[in-house]
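Participant:
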Amino acid sequence: MIVSISAIALSLLSGSLATSIGPVANLPIVNKHIAPDGFTRSTVLAGGTFPGPLIKGYKGNRFLLNVQDRLTDNTMLRSTSIHWHGLYQRNTSYADGVSFITQCPIAANHSFLYDFQVPGQAGTYWYHSHLSTQYCDGLRGPLVVYDPDDPQRHLYDVDDGKLQLTVITLADWYHYVAATAPLVPVANSTLINGLGRYKDGPASALSVISVRKGTRYRFRLVAISCDPNYIFSIDEHSMTILEVDGVNHKPYTVDSLQIFAAQRYSFVLDANQGVDNYWVRANPNVGNLGFDGGINSAILRYVGAPKVEPTTNSTGTAPLVETALHPLVYTPVPGKPYPGGADITLNLNIAFSFTTLKFSVNGATFVPPTAPVLLQILSGAQAAQDLLPAGNVYTLPPNKVIEISIPGGSVGAAHPFHLHGHNFHVIRSAGNDTYNFIDPVIRDVVSTGPATTDKATFRFVTDNAGPWFLHCHIDWHLEIGLAIVFAEDIRSLQKKVPAAWNDLCPIYYNLTSNQL
Numbered sequence: 134m135i136v137s138i139s140a141i142a143l144s145l146l147s148g149s150l151a152t153s154i155g156p157v158a159n160l161p162i163v164n165k166h167i168a169p170d171g172f173t174r175s176t177v178l179a180g181g182t183f184p185g186p187l188i189k190g191y192k193g194n195r196f197l198l199n200v201q202d203r204l205t206d207n208t209m210l211r212s213t214s215i216h217w218h219g220l221y222q223r224n225t226s227y228a229d230g231v232s233f234i235t236q237c238p239i240a241a242n243h244s245f246l247y248d249f250q251v252p253g254q255a256g257t258y259w260y261h262s263h264l265s266t267q268y269c270d271g272l273r274g275p276l277v278v279y280d281p282d283d284p285q286r287h288l289y290d291v292d293d294g295k296l297q298l299t300v301i302t303l304a305d306w307y308h309y310v311a312a313t314a315p316l317v318p319v320a321n322s323t324l325i326n327g328l329g330r331y332k333d334g335p336a337s338a339l340s341v342i343s344v345r346k347g348t349r350y351r352f353r354l355v356a357i358s359c360d361p362n363y364i365f366s367i368d369e370h371s372m373t374i375l376e377v378d379g380v381n382h383k384p385y386t387v388d389s390l391q392i393f394a395a396q397r398y399s400f401v402l403d404a405n406q407g408v409d410n411y412w413v414r415a416n417p418n419v420g421n422l423g424f425d426g427g428i429n430s431a432i433l434r435y436v437g438a439p440k441v442e443p444t445t446n447s448t449g450t451a452p453l454v455e456t457a458l459h460p461l462v463y464t465p466v467p468g469k470p471y472p473g474g475a476d477i478t479l480n481l482n483i484a485f486s487f488t489t490l491k492f493s494v495n496g497a498t499f500v501p502p503t504a505p506v507l508l509q510i511l512s513g514a515q516a517a518q519d520l521l522p523a524g525n526v527y528t529l530p531p532n533k534v535i536e537i538s539i540p541g542g543s544v545g546a547a548h549p550f551h552l553h554g555h556n557f558h559v560i561r562s563a564g565n566d567t568y569n570f571i572d573p574v575i576r577d578v579v580s581t582g583p584a585t586t587d588k589a590t591f592r593f594v595t596d597n598a599g600p601w602f603l604h605c606h607i608d609w610h611l612e613i614g615l616a617i618v619f620a621e622d623i624r625s626l627q628k629k630v631p632a633a634w635n636d637l638c639p640i641y642y643n644l645t646s647n648q649l
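Position in the sequence shown counted from 1, then plus 133, gives you my numbering.
1) Counting Cβ pairs, one atom from each stretch, are 3 or more of them under 8 Å apart for the stretch 183 to 198 and the stretch 273 to 282?
2) Can you have a look at Gln267 and say buried or exposed, based on whether 16 or more other CB atoms are within 10 angstroms of its CB?
3) Let me know if Arg345 comes out buried or exposed under the rule of 16 or more other beta-carbons within 10 Å of its beta-carbon.
4) Can you tell which of Val436, Thr456, Tyr260 and Asp270 has its C-alpha closest to the C-alpha of Ile167?
5) When burial is assigned at 16 or more other CB atoms within 10 Å of the CB, is Asn597 buried or exposed?
6) Does the distance from the C-beta atom of Tyr289 to that of Arg351 stay below 9 Å?
7) To the nearest angstrom, how far is the alpha carbon of Asp650 from that of Asn242?
8) DSSP state of Glu376, grouped into three classes?
9) What residue range does the alpha helix (DSSP H) around Val506 cover?
10) I'd like the ranges of any beta strand (DSSP E) spanning at least 3 consecutive residues and lying wholly in the stretch 149 to 187.
11) Once DSSP output is grouped into helix, strand and coil, what is the label at Leu108?
12) DSSP has Asn494 in a bridge; who is on the other side?
13) Taking the continuous alpha helix (DSSP H) assigned at Ile640, which residues delimit it?
14) Do Ala356 and Ala395 have their beta-carbon atoms positioned less than 9 Å apart in this structure?
15) Going by the CB atoms, is the gap between Leu339 and Ile432 shorter than 9 Å?
16) Report yes or no: do three or more beta-carbon pairs, one from the stretch 632 to 642 and one from the stretch 238 to 255, lie closer than 8 Å?
17) Are there 16 or more other CB atoms within 10 angstroms of the CB of Asn164, so buried, or fewer, so exposed?
18) What separation, rounded to the nearest whole angstrom, lies between the Cα atoms of Gly193 and Arg223?
19) How many angstroms separate the CA atom of His287 from the CA atom of Ala255?
20) Would you please state the rounded distance, in angstroms, between the beta carbons of Glu455 and Val578? I believe it to be under 8 Å.
21) By Cβ distance below 6 Å, which residues in the same chain neighbour Leu390 in space, the five residues on each side in sequence not counted?
22) Considering only their Cβ atoms, is the gap separating Leu246 from Val200 smaller than 9 Å?
23) Per DSSP, which residues does Asn410 bridge with? Please list them.
24) Using alpha carbons as the reference points, say which of Leu354, Ser358 and Tyr363 lies closest to Thr373.
25) Check whether the stretch 554 to 565 touches the stretch 437 to 445, taking contact to mean three or more Cβ pairs, one atom from each stretch, closer than 8 Å.
26) Please look up how many angstroms separate the CB atoms of Arg330 and Gly437, rounded, as I've assumed it's under 8 Å.
27) According to the Cβ coordinates, are Trp259 and His218 closer than 9 Å?
28) Rank Ile342, Val387 and Leu422 by C-alpha distance to the C-alpha of Asp409 and give the top, closest one.
29) What does the alpha-carbon distance come out to for the pair Ser147 and Gly181?
30) Buried or exposed: which applies to Tyr463, given that a residue is buried once 16 or more other Cβ atoms fall within 10 Å of its Cβ?
31) Between the Cα of Pro540 and those of Asp572, Cys605 and Asn159, spot the shortest distance and give me the residue it belongs to.
32) Would you identify the three-state DSSP class for Gln396, choosing helix, strand or coil?
33) Quick check on the burial criterion: 16 or more other C-beta atoms within 10 angstroms. Buried or exposed for Leu637?
34) What did DSSP end up calling Ala547 once you bin it into helix, strand or coil?
35) Return helix, strand or coil for Ile357, following the three-state DSSP convention.
36) Which same chain residues, not among the five before or five after Ala484, have their C-beta less than 6 Å away from its C-beta?
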């Protein structure tokens, strides 16, 4: 296949994994035409690249990230907000970045300074727009908080936060803007570190991950997808998982793993094979499957290997099993050691209406309120019945153990659910009918499972005041109502917010329809 020079140039605007910023930085949000898979389209980008630049810092840092909205393309949303996925935002819920939950959107030609600290967190995170389905148009990127005292540092030689060479992002890519997506959008391609190919398209450039024989690398795998989950593997190499969603776990070696939208894994790869090229594979659960023509692929290239595409085959026999993941540091499961052994138990039943084409949770469809939930609380609303959207807000008292169960097998399952403001103990995983009250995986995104016999059950403690979103991270599902809000310990909520935060809503409310 022939690739034009212009297509190559446009592809180089994506896959820009050679820059990093933070913890203090400007983050301009811009429109740009790029062709990461050989097809040119207008996009919404952080820092002008796809994925956006690696934002990095160290445990205990104060992050000061000035988001500058420079969007001009009226075929897509021009306002924005940025969520820092996986960071607790303790005492700074106003910086969580969720439009109409913790803030009004940032209008075009305006900026907002996200000011927050990460005193007790380190690991692999990411950032993305949290306004409608805007991140599907490109506004997404990795975020890493490094720990100078990483207790598993002896297991690897390289964890490169300077050139972002050990961060691997998996993304679905669409040849249409999100606003024109059909009811069931299907990605045209998979991008690994911002590059990929689509079925029957040109042989556009693939990402190359470079390793040196005899070196152990800590790779940080981030699913920045809007929809698909992926089976990820690297031919003829195993992966030893060390971290799950920002939490250190006991080393667990696999040769493939299923990763759902918004999940993250750190794994150690020992470059102990022959000097050669090896396929990196990310097979989605929907869309164009397989690897013909180099789709859903990247290249692991040893230093000294010829610059050619691999001829290797996938031979994996040891897939990741979520119940085999156990925290490195023993962290007791809150509550009592039996199902329902919590202060508050909630069963969230998911339904889909083929009449309204909307999802609902326990009978209520989430529709973003006009006034952000945080603003409602700061304005005096305290009870669930006073908070909008009606039926979607659950008030939770402080210092209580909460147990959430979400059945699998609903329309569009498996649904990856993410809780803001917390991570949680997954006491029952999809595909498993037993409970673990001793040492289950701790994470912030969990799959409900595809089967009607599946159920995901998790627990957390209400020790972080704020309005926290719980939602499906298939962004198309969130857009049609698959979410609720926990208004947690709202009497203890911080009363002071930045003056610039107070200005966001008046500015946004004065926009005309073509300025939104």
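Virtual Cβ for every residue (Gly too), placed ideally from N, Cα, C.
Note that the structure is predicted; figures quoted are calculated from it, not measured.
Facilitator: Put simply:
1) Counting C-beta pairs with one atom in each stretch, the stretch 183 to 198 and the stretch 273 to 282 have three or more that are closer than 8 Å, which means they touch.
2) So Gln267 ends up on the buried side.
3) The residue in question, Arg345, is exposed, as its Cβ has fewer than 16 Cβ neighbours within 10 Å.
4) When each option's Cα is compared against that of Ile167, the closest is Asp270.
5) By the 10 Å Cβ count, Asn597 comes out buried.
6) Remark: C-beta atoms of Tyr289 and Arg351 approach each other more closely than 9 Å.
7) A query on residue 650 cannot be resolved here, the shown segment of the chain reaching from 134 to 649 and no further.
8) In this structure, Glu376 counts as strand in the three-state DSSP scheme.
9) Residues Val506 to Leu511.
10) With a minimum length of 3 residues, the continuous beta strand (DSSP E) runs that stay inside the stretch 149 to 187 are 157 to 167 and 174 to 179.
11) No statement about residue 108 is possible, as the shown extent of the chain runs from 134 to 649 and does not include it.
12) In the sequence as displayed, the identity of residue 494 is Val instead of Asn. Paired residue(s): Ile483 and Ala497.
13) For Ile640, the enclosing alpha helix (DSSP H) covers residues Ala632 to Tyr642.
14) For Ala395 and Ala356, yes; Cβs fall inside 9 Å.
15) Yes. Within cutoff.
16) Counting C-beta pairs with one atom in each stretch, the stretch 632 to 642 and the stretch 238 to 255 have three or more that are closer than 8 Å, which means they touch.
17) With 16 or more other Cβ atoms within 10 Å, it is buried.
18) Whole-angstrom Cα-Cα distance: 13 Å.
19) Distance from the CA atom of His287 to the CA atom of Ala255, rounded to whole angstroms, is 17 Å.
20) 11 Å between Cβ atoms; not a contact.
21) Same-chain partners within the cutoff: Phe365 and Leu453.
22) In this structure, Val200 lies near Leu246, with their beta-carbon atoms less than 9 Å apart.
23) As a beta-bridge residue in DSSP terms, Asn410 pairs with Arg434.
24) If we check each option's Cα against that of Thr373, Leu354 comes out closest.
25) In the pairwise beta carbon analysis, the stretch 554 to 565 is classified as not touching the stretch 437 to 445: fewer than three pairs are separated by under 8 Å.
26) With a Cβ gap of about 26 Å, Arg330 and Gly437 do not count as contacting.
27) Their beta carbons are under 9 Å apart, which means Trp259 touches His218 by this criterion.
28) Nearest C-alpha to Asp409: Ile342.
29) Bear in mind that a pLDDT of 46 at Ser147, under 50, signals an unreliable position, so the number given afterwards is only what the model happens to contain. So the two alpha carbons sit approximately 8 Å from each other.
30) Exposed: under 16 other Cβ atoms inside 10 Å.
31) Nearest C-alpha to Pro540: Cys605.
32) Look at Gln396 here: in three-state DSSP terms it is coil, with no helix or strand label.
33) Leu637 should be labelled buried.
34) For Ala547, the secondary structure class from DSSP, reduced to helix, strand or coil, is coil.
35) DSSP places Ile357 in the coil class of the three-state scheme, outside both helix and strand.
36) Only Ser493 meet the Cβ criterion.
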